[in-house]
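To start, the structure itself, in structure tokens.
Chains as they are written, first to last, in the numbering used here: chain A, 62 to 452; chain B, 62 to 452.
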């Protein structure tokens, strides 16, 4: 076997993008054999794109209305799930039950309790389970991950991520009926845009033990859910953190700053800057006889390998894992970590208090369900935007 | 009258610095005629410095043990108060009662209730009352203040100040017995190092209406008080903010980012950068038909007048105000604003909840007094560090 057949469930903003990438043969060894979407217009669009880009694939492409039907048939060995978040766990579980390899879009789901079941199903299966954390392919974060894990930076003292460059206009929210509703999507900027950064945060820094968040709903847009969040974090070793995000700032910022015993790291504008100390700050603090002295340091731009394949990188690793057992970009079971962070942030804001991690998953679901009950359906305009360059 | 005679009360780290500046004739129209310090070694040091720098002044310099005695005598028209913070209000009040002009070091005091009395005494007097907010002389903050007040930026949406470049070693805290104790100093990084930024924050952004802070005591140093703070702020118009400070990060950061309807401002490394939008973001959000579109902007480095006189600028304005009625850098009565912010941050952290501004001043004092009672005296080594270049 030197080719993997893929079924794409969901031909919306992201699914369309992925379909194009694969039809354009950007992922050696991966072919699309089936698609599913509940909207006739999207199924027609998928056929049209296939005919334009790859007539051979188009000729044999199976097109389904329901993801469930696609999974139950034998047109593909692997599935890509790109539907609204609530359905990620149930479709993944069905996929494993039918012996499919599963690549799930982020977030893993809407609430950790549901994702825990998905992880259990994956555990029982011998199939590949990956999640679309394409920002882990970014050379800057990969290099930083390597530096942290090597131990050269010493213990982490502080992290501050201003990730406010997820700007969206009102028309973004108006385009799809399920978006930015508690019942349809299950959350706002934390659940839709930030899963990448929340995953990277725990991948780089480990899981916080306490979260105090302030989520503001409908602050910049006419929506039900939050579009502005500030969260304070505490880690097991005493390190603290701040995470700020919004879809309302233009231009926004994407600046990750981390302080370690051996210096300061700033990731911004695709660069990895390191203010490297010559001695450990903890040692210097205790031994210097000058109250105002600072440890000597050098300001370095860290070289990376420059590679940042994004979604294509995730597809390549997924395919290689199935064919040759190579490493994934992000194991599917790790999807629960970033979701734990966003769930904890919501719960903290809803209860107006600091929340410990692990938190009470039943209480979270109860609070989420309260909001789902009051959730109002929007008209579904079914507009799909061009998401090239969007992550 | 074309000269102002000044008495300096407190010849410690900052008082020594100020004495030198004035003796070096950096402030036209201001002469030192008296000094006071409770330590014999500091009185001797003041005499020695005066002899070295200005023999004529040295010959007639009056030297007192107690500030009270200096104030009650007629050797000077104005006083500079540079003693531990608890004594700022009582000495200022005594100064006004004896018809002195008063320039008070920051912070205005330790708790707002006490500072309110100081402001009332100043109000009753016709003398000049100024406070050492020397960072208001900084061309970057002055220019930003001007831009905000002109209205060209529109409403503020977010502020984020990472001010972690107040690094201090353990020896800084060990040098003076009163430092970093609840009873001697009344606080840590918020009260000693941050009054400048807390003043600038309220000067630029207005007063928040809510504060949720996390103050960590003895996190990086063997001290009683806090040396690490993260605070979340909410303003009347709904804008939010984050303020992060510490004396434990090396190298630290001093980065002030503000988002407005008309763009983003970043003050860092002495530069004032403006991402200027062509249209108001609020308008763009509501009218754009593209969900992923962003308003057009240009990236500008704002020119300033380049001037940053710091302490000398404050002295010049203080002298000019007395002689000619010119404007002060910071009115003394404004000292209470930044202190309100730090008091609110302490109270929030102590009570482990969000605090509204104005807060309960009696409750604050009660909580502070609890900590003063448990406060432990340290050995006073009486070490004075060279503070050149320190603000």
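The beta-carbon is built from N, C-alpha and C at its ideal position, and this holds for glycine as well.
Since we're looking at a predicted model, the values are computed, not measured.
Membership of residue 78 (chain B) in the alpha helix (DSSP H) is indicated by the continuous run 74-84. Residue burial annotation: residue 74 (chain A) is buried, with at least 16 other C-beta atoms found within 10 angstroms of its C-beta.
As computed with DSSP, residue 307 (chain B) is found in a beta bridge with B:289. For residue 305 (chain A), the residues of chain B that pass the 9 Å Cβ criterion are 219, 221, 301, 303, in the order they occur in the chain. The alpha helix (DSSP H) runs lying completely inside the stretch 142-200 of chain B and spanning 4 residues or more are 148-158, 173-185, given in chain order.
Not flagged as an interface residue toward chain B: residue 420 (chain A), since no C-beta distance is shorter than 8 Å.
Within the stretch 342-366 of chain A, contact with chain B at the beta-carbon level (separation under 9 Å) is assigned to 342, 343, 345, 346, 347, 348, 349, 350, 351, 352, 353, 354, 355, 356, 358, 360. By the CB criterion at 8 Å, residue 375 (chain A) and residue 195 (chain A) fall inside the cutoff. In this structure, the straight-line span from the alpha carbon of residue 116 (chain B) to that of residue 85 (chain B) is close to 11 Å. Residue 298 (chain B) counts as exposed, since fewer than 16 other beta carbons sit within 10 angstroms of its beta carbon.
In the displayed model, residue 437 (chain B) falls within coil according to three-state DSSP, outside both helix and strand.
Residue 254 (chain A) has its alpha-carbon roughly 27 Å from the corresponding atom of residue 101 (chain A). Among the residues of the stretch 394-415 of chain B, none has a Cβ less than 7 Å away from any Cβ of chain A. Per DSSP, residue 64 (chain B) lies in no beta strand (DSSP E) segment and is marked neither H nor E. Residue 266 (chain A) is not bridged by DSSP to any residue. By the Cβ criterion, the stretch 430-449 of chain B is in contact with the stretch 233-242 of chain B, since at least three pairs of Cβ atoms, one from each stretch, lie closer than 8 Å. Taken in chain order, the members of the stretch 268-285 of chain A whose beta-carbon sits within less than 8 Å of a beta-carbon on chain B are 273, 275, 277, 280, 281, 282. A straight-line Cα-Cα distance of about 39 Å links residue 308 (chain A) and residue 341 (chain A). By the 16-neighbour rule on beta-carbons within 10 angstroms, residue 292 (chain A) is buried. Here residue 93 (chain A) is bridged, per DSSP, to A:67. For residue 324 (chain B), the uninterrupted beta strand (DSSP E) segment begins and ends at 324-329. The residue from B:295, B:290, B:138, B:408 with its alpha-carbon nearest to that of residue 221 (chain A) is B:290. DSSP, read as helix, strand or coil, puts residue 321 (chain A) in strand. Annotation for residue 137 (chain B): no alpha helix (DSSP H) segment contains it, and DSSP assigns it neither H nor E.
The stretch 332-352 of chain A makes no contact with the stretch 241-255 of chain A; the number of CB pairs closer than 8 Å stays below 3. Under the Cβ distance rule, residue 440 (chain A) does not count among the residues neighbouring chain B, no pair being separated by less than 8 Å. Check the Cα spacing between residue 359 (chain B) and each of B:370, B:385, B:379, B:337: the tightest is with B:337. For residue 318 (chain B), the C-beta contacts it makes with chain A under 8 Å involve 223, 314, in order along the chain. Using a Cβ-Cβ distance cut-off of 8 Å, the stretch 304-319 of chain A and the stretch 343-354 of chain A are not in contact, since fewer than three pairs of beta carbons, one from each stretch, lie closer than that value. The continuous alpha helix (DSSP H) containing residue 383 (chain A) extends over residues 371-385. At a cut-off of 8 Å between C-beta atoms, residue 289 (chain B) counts as an interface residue with respect to chain A. Using a Cβ-Cβ cut-off of 8 Å, residue 335 (chain B) does not count as an interface residue toward chain A, since no Cβ of chain A sits closer than that to its own.
Residue contact check for residue 296 (chain A) against chain B: no CB pair falls below 8 Å. Residue 102 (chain B) has a beta carbon lying at 8 Å or more from every beta carbon in chain A. Within chain B, 320, 324, 325, 336, 338, 342, 345, 346, 355, 356, 358 have C-beta atoms less than 9 Å from the C-beta of residue 311 (chain A), given in sequence order.
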